[in-house]
Every structure is written in structure tokens, then in C-alpha cells.
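Residue numbers (my numbering), protein chains in the order written: chain A, 1 to 332; chain B, 333 to 753.
Yeah, the Cβ is synthetic: ideal placement off N, Cα and C, and Gly gets one too.
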């Protein structure tokens with residue numbers, strides 16, 4: 001166990017994060033300064049955690065989906081739907097906990113719908129989830145009747161902007177979700193089964209793994225995570241914006257998972273490293289903002305990062321790197 | 333039959349892979365207007381020889397001659413220029429394009445630089461008629477049966493090449509009528525003076541269509557002879573290198589009494605897949621299922637394991653009626669399954685050796701009683717030893733192991749009822 005923790009610490013993802021943070025520090029010396037004010041921590045680093053939380057939460061769900069060789073394009077739209085449900089319900093007078101539970105349930109149902117399309121109807125995940133990616137925003141607009149629904153409910157606002165033990169609530173939620181999901185996946189055999197389905201679905205079912213149920217589960221989890229992120233984003237702006245909430249965040253989530261070392265061809269995945277991927281993305285965003293570069297650079301830098309990750313994961317690079325391992329086998 | 337008259341000839345071909353000699357000084361001559369069967373057990377070197385004749389491999393030594401002239405075949409496209417066309421066991425065409433496009437892919441007739449679709453379809457209709465096919469050239473290839481696709485593949489190979497046609501197990505996935513139809517076409521091509529190489533595992537087909545036969549064994553040429561005056565027993569003896577008794581009596585004696593009945597399938601079957609069968613398996617018994625390719629061996633094994641679910645009949649396990657409609661059901665009853673194609677259905681390439689070994693057992697235990705890493709290592713180590721799996725580390729991805737080691741791996745833990753407590 002200890003050894004695995006150590007090897008995670010030495011992973012390229014954490015080294016990359018350290019690199020990005022160092023560059024930020026170089027460009028903006030007060031980057032690491034953290035102050036205590038009004039019972040909570042402030043600073044660029046805290047900002048990274050706070051702003052990165054929604055994508056990190058999406059990445060938690062997305063990691064499982066991608067490990068099964070799938071992809072979930074609908075998470076951004078599900079965020080909008082969940083935000084719309086929570087906002088309209090509190091505005092209509094329902095108690096906030098009920099609204100939150102309803103929004104989470106809606107997210108879960110959206111995810112299970114994706115799971116149904118992929119597991120039962122055997123539709124390719126990219127197309128299956130595209131349905132909800134498009135329809136989801138429409139549904140959110142129907143719920144909000146085309147308006148940006150603003151609210152003043154203290155619980156929802158607390159979820160989006162509050163703090164716990166000095167840390168931003170969004171970051172705390174992301175952390176708890178990450179730990180809970182990782183525990184469930186790694187303390188049970190779920191993780192192994194998910195990877196097995198992603199690597200070889202036919203073999204998995206012959207090995208007695210119920211791949212359908214697993215697919216329902218990972219897409220359901222992804223929808224649930226998207227709803228959590230949607231509620232946070234709505235709480236943050238104190239309103240539900242059906243058009244813009246979570247817009248394009250599915251792509252950031254996919255990028256985070258890929259940075260976290262999961263191949264889009266399925267197989268090996270790590271929820272914590274996907275979260276680290278999300279933090280890397282946000283650290284770059286924040287770094288560019290605080291260092292005074294025009295935000296347009298953001299997109300270029302992000303594209304550059306994608307390019308580097310793709311090269312590292314390319315067949316050429318993998319052929320060059322694990323030479324030692326194959327040689328050891330060849331000697332046998 | 334002078335030597336010059338060979339349409340295609342291989343002289344003293346040697347092919348070495350690493351330190352394995354796949355072909356050792358093999359001579360092979362193909363006459364125009366003959367059907368020449370190439371026979372040998374798996375690994376005898378048939379496909380290596382074919383790949384050299386089609387330019388897919390370069391020989392380590394020896395020469396390939398087309399019409400008596402030594403040639404170097406760089407690749408299969410190059411071989412086409414010398415009139416050599418090949419049709420493989422699995423149809424290598426594009427099922428989602430039209431029949432006409434498949435026939436003319438890469439050689440489309442053009443008009444002002446654009447594909448002349450009308451001419452292409454007109455020509456296709458003409459070509460197809462010659463092969464006894466009356467179908468719409470604009471229809472999707474994949475919509476037709478494998479037999480029709482196979483004929484389209486032959487038509488394409490002959491139209492593009494026109495001298496030598498190499499058929500690599502073309503009948504493996506065809507039924508009897510379709511095979512007969514294919515043979516008519518081959519006889520027709522033969523009458524047109526084409527030289528045909530025919531590779532198959534079905535001896536009766538060899539005797540039905542071939543004129544001469546060349547037999548390989550362990551990479552060596554054993555003999556080339558005409559089929560007139562040759563018996564099946566001769567051919568098998570040459571292929572195996574030893575005498576084989578072919579008689580009605582099995583020669584097998586019931587060496588020991590059978591144990592109690594473990595499995596009993598009654599009228600077990602699946603529509604459009606396997607006719608109902610009865611099979612009783614006793615304790616300590618090994619039952620072999622024999623049959624030609626396509627006869628339903630695989631399908632039978634799959635419904636016995638629940639990989640496909642049976643739609644008629646009953647099964648009892650140790651005397652108790654059972655329902656095996658999913659692999660999970662079979663595994664719960666202590667069944668194991670070693671699939672036909674390891675890469676496609678057997679292993680998880682990116683997962684570790686350890687995980688591959690324990691996965692079926694874990695599948696049986698379910699999600700919640702996860703085996704700890706130590707337990708996994710213990711089980712994997714024990715199996716690795718008893719199966720003689722040689723891996724540098726149990727944590728390396730299984731795809732880095734050799735084929736034989738992967739195969740042993742597929743007999744993983746779940747395949748015997750391990751009690752885990």
C-alpha cells in the first residue's frame with residue numbers, strides 16, 4: 001500500500017503539476033502566498049483548487065467511463081440540467097435539501113440513460129452521449145423557461161461559495177468524492193472489472209463479469225458527478241444559466257482523465273490522477289490569469305499541453321520507453 | 333511438361349525467422365490450367381510459402397519465377413503486376429462499399445479525372461455475370477452472404493491479375509452448396525487457363541477439385557504428385573509422416589469405468605446455431621468434440637458455457653437441473669472456458685499477468701469480496717508454477733508474454749473450482 005502511494009507521488013502527473021506551479025511562481029512570485037481572512041484561506045493556490053473543482057468532479061466520473069473504452073460528452077449539459085433543476089425548485093419554494101437531492105437524482109438518471117444506450121442498445125459511446133449533450137441544454141432551457149433563474153437560497157450558495165475548515169466548499173466536495181469513489185473502486189474488485197471490460201469486453205463476459213451492469217454503473221456515476229458539479233457552478237453564480245453552465249467542460253474533463261494517464265482505448269485508470277489532471281489544467285488557467293498574460297493564451301497553452309500528452313502516449317513513445325521490460329521477457 | 337511452362341515457380345525457397353527455419357529448400361511449380369492443392373499440418377509452412385509467392389514476405393534464399401523469369405516481388409500489389417492474385421480465408425474487402433467499388437477499388441475507370449460510376453457499374457455487371465452472380469453492382473457488399481463476397485473477391489483477384497489465383501482456405505466459412513458453387517467457378521477459371529493454388533484442410537475438397545498436390549511438413553517439401561492414383565490414406569501419411577489407421581472401428585478401448593454423471597445436456601441447442609444435441613459428461617472424463625470447421629463445434633462449446641444462451645433443451649449438473657444462460661451461471665457451477673481465439677476473447681492485454689490469472693475467480697466472487705493484493709499474488713504464483721507460465725514479473729502486462737504463455741494463462745484460476753474461503 002505504502003509503496004503504491006509513493007509510486008503515485010513520483011508519477012509524471014504530479015511532476016507535471018509541480019512544474020506548472022513552479023512556472024506560475026516564476027511568472028507571479030506571490031503565487032504561493034496564502035492568507036487567512038474571515039475564517040477561510042485565500043491565495044492563488046486556493047483559487048486553483050476552488051476553480052478546478054467542477055472539472056475535477058467531472059473527471060472523477062469520466063475516468064471510469066473512459067476506462068471502459070467509452071466517453072461521456074454529455075456531462076456539461078447534465079451540469080446545466082442539474083443546475084436548472086436545483087435553481088427552479090428552490091425558487092418554486094421547495095426546501096434546498098430536496099432541490100439538491102432532486103438535482104442529483106436527475107443527473108443520475110441522465111447517466112443511466114447514457115448507460116442504457118451504451119450497454120443495452122450497444123451504441124458507440126461518443127454518439128450515445130452526444131444525444132444528451134445536445135438534448136440536455138434544451139431540457140435545461142425548458143426547465144428554466146429560457147431565463148437565467150437566480151436564487152438567494154443560502155444552502156445552494158454555500159455549496160458553491162462556502163468554506164469548510166478554511167477550504168473552499170467546492171474543493172472539499174471534490175476531495176471527498178475522490179476519496180469515496182477511489183475507495184469503492186479499489187477496495188472492491190470494481191476497478192479491476194472496469195479495466196477488464198475496457199480492455200476486452202468479450203473476454204470479460206466470458207470471465208463471468210457482468211459488463212452491462214458495470215457500464216450502467218460508470219455512466220450513472222458520471223451523470224451523478226456532473227450533477228454535483230452543476231449544483232456547485234449554479235451556487236457559485238447564484239443562478240442557473242442553461243446556455244453557459246458547464247459549456248465545453250466535458251472536453252476539459254476528458255483532457256484531465258487523459259493527462260491522468262488513462263488511454264482513450266480503455267484499460268488502466270486512476271481517479272486521483274484524473275483529479276490531478278484537472279488541477280494541472282486549472283493551475284495553467286490561473287497562472288495565465290494572475291501573471292497578466294491575455295486570457296487568449298490560455299487556449300494556445302492548453303492545446304500545447306494536449307499535444308505533449310498525446311506525444312507521450314503515442315505508440316512511438318511507448319515503443320521507445322518500455323524497451324527494458326520487453327527485453328527482460330525476450331531473455332526468458 | 334517442360335519446366336518452362338510453369339506459370340509460377342518457386343525454386344529452393346528458404347525462409348528463416350529469427351532462428352526458426354520456416355521453409356527449407358522448397359520447390360513448387362504451378363502449371364497453367366491446373367488446380368494445385370497445397371497441403372500440410374498447421375505450421376508446415378503453407379502460409380509462409382504463399383506469402384512469399386504473393387510478395388508479402390521476402391525469401392531468405394531461393395528464387396520466385398513468373399513465366400520462367402526470375403522476379404522479385406516487393407509486395408502483394410507488385411505481385412498483381414505479374415498476374416498473381418490472392419483470396420484469403422476471411423474476405424479482405426470493404427463491406428460498407430458497393431460491389432462495384434470493391435471490384436474496381438484502386439483501378440476505377442475514370443472520365444475527365446473523375447470516377448466514371450456508370451461505366452464501373454456496367455463493367456461490374458458484366459464481370460459478375462461471368463461468375464454466375466446476378467446482383468446489383470451498386471448494392472453494399474456487406475449485405476450479401478460470405479459466399480457471394482468470396483466470389484466477388486475471386487472475381488476481383490482474377491480480373492486484376494489474370495494468371496495465377498491463390499485461394500487460401502476460401503471454403504472455411506462456406507456451406508456445402510456454396511462450396512459447390514465456388515468449385516464451378518474454379519473449374520471455369522481452370523478451363524480458361526488460369527493456374528489455381530488451393531489451400532484447405534478439407535481432404536475431400538482436395539480430391540473433388542485438385543489435379544496435383546504438394547505436401548509440406550515441418551517446412552520441408554515432402555512430395556508433389558498428381559492426384560490420379562493417390563488415395564486419401566497416402567495423402568494423410570505424407571502429411572503426418574506416419575501411417576494412420578482409417579477404419580470404422582475406433583481402436584479405443586474403454587480403459588476404465590466412468591465415474592458418476594457430472595453434466596447431462598438433453599436436446600440442448602440454439603436455433604440458427606446448433607442443432608439440439610445430447611451429451612453426458614462423467615467425472616474424470618475428457619470428451620473430445622470433433623467436426624469440420626463450421627460444423628458447430630465452437631457454437632456448441634459456447635452454449636454449454638452460457639456464452640450464448642440455449643433456446644431449447646435442459647441441462648443437469650450433478651443430477652440437479654440447472655440454468656446456464658450466462659457465463660456467470662457456468663462459472664458459479666465451476667465451469668471453465670478456454671476460448672478459441674485467445675486475443676479476441678481470452679486475455680486482457682493491458683492488464684497484468686496477476687490480474688489475468690485471478691479475474692475469473694474474482695468474477696465469481698463478485699465486486700465486494702475483493703481479493704487482496706497478497707491473495708492475488710499467492711494465487712497467481714501458484715498457478716504460474718503449476719501451469720509453467722514464464723514471466724519476468726507477475727505485474728507485467730500480459731501482452732508482453734509469448735503466445736504459449738498467454739494460452740496457459742487463459743486456463744486461469746476460475747477454470748477449476750477453487751474453493752476460496
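For residue i, the residue or residues it bridges with in DSSP
| i | result |
| --- | --- |
| residue 765/B | One cannot answer for residue 765/B here, as it falls past the ends of chain B, which runs 333 to 753. |
| residue 497/B | 417/B and 528/B |
| residue 279/B | Chain B is shown from 333 up to 753; residue 279/B falls before or after that span and cannot be answered. |
| residue 546/B | 370/B and 556/B |
| residue 398/B | 340/B and 401/B |
| residue 45/A | BP columns for residue 45/A are empty, so no partner. |
| residue 393/B | 346/B |
| residue 472/B | 430/B |
| residue 168/A | 163/A |
| residue 36/A | 41/A |
| residue 596/B | 612/B and 648/B |
| residue 443/B | 446/B |
| residue 602/B | 606/B |
| residue 638/B | According to DSSP, which records beta bridges pairwise, residue 638/B is partnered with nothing at all. |
| residue 239/A | 150/A |
| residue 360/B | 342/B |
Closer than 8 Å at the beta carbon, the chain A residues around residue i
| i | result |
| --- | --- |
| residue 696/B | 208 |
Listed by chain order, chain A residues near residue i by CB distance under 7 Å
| i | result |
| --- | --- |
| residue 682/B | 199, 267 and 268 |
| residue 687/B | 192 |
| residue 656/B | Neighbours of residue 656/B on chain A: none; closest Cβ ~12 Å, over 7 Å. |
For residue j and residue i, believed in contact at Cβ under 8 Å, the rounded distance
| i | j | result |
| --- | --- | --- |
| residue 376/B | residue 542/B | Contact flag wrong, Cβ pair sits at about 17 Å. |
| residue 531/B | residue 499/B | 7 Å |
| residue 79/A | residue 230/A | 3 Å |
| residue 288/A | residue 54/A | So it is not a contact: roughly 18 Å between Cβ atoms. |
| residue 56/A | residue 300/A | At roughly 23 Å, the Cβ-Cβ gap does not stay under 8 Å, so residue 56/A and residue 300/A are not in contact. |
| residue 496/B | residue 382/B | With 8 Å as the limit, residue 496/B and residue 382/B do not qualify as a contact, their Cβ atoms being about 11 Å apart. |
| residue 215/A | residue 119/A | 4 Å |
| residue 132/A | residue 77/A | 6 Å |
| residue 224/A | residue 107/A | 5 Å |
| residue 189/A | residue 702/B | 4 Å |
Test: residue i CB closer than 7 Å to a CB of chain D
| i | result |
| --- | --- |
| residue 677/B | The displayed structure is made up of protein chains A and B, and chain D is not among them. |
Partners in chain B for residue i, counting only beta-carbon separations shorter than 8 Å
| i | result |
| --- | --- |
| residue 187/A | 702 |
Contacts of residue i in chain B (Cβ-Cβ under 7 Å)
| i | result |
| --- | --- |
| residue 195/A | 683 |
Cβ of residue i within 7 Å of any chain A Cβ
| i | result |
| --- | --- |
| residue 669/B | yes |
| residue 663/B | yes |
| residue 635/B | no |
| residue 639/B | yes |
| residue 342/B | no |
| residue 339/B | no |
| residue 691/B | yes |
| residue 747/B | Its pLDDT being 42, under 50, residue 747/B is placed unreliably in this model, and the value from its coordinates should be taken loosely. Output row for residue 747/B: interface = no. |
Within chain A, the residues that residue i reaches when beta carbons sit closer than 9 Å
| i | result |
| --- | --- |
| residue 659/B | 205, 206, 207, 208 and 209 |
Below-7 Å beta-carbon distance, residue i vs any chain B residue
| i | result |
| --- | --- |
| residue 202/A | yes |
| residue 11/A | no |
**Report entry** Residues of the region 41-75 of chain A whose Cβ lies closer than 7 Å to any Cβ of chain B, in chain order
**Finding:** Listed by position, the residues of the region 41-75 of chain A near chain B (Cβ gap below 7 Å) amount to none.
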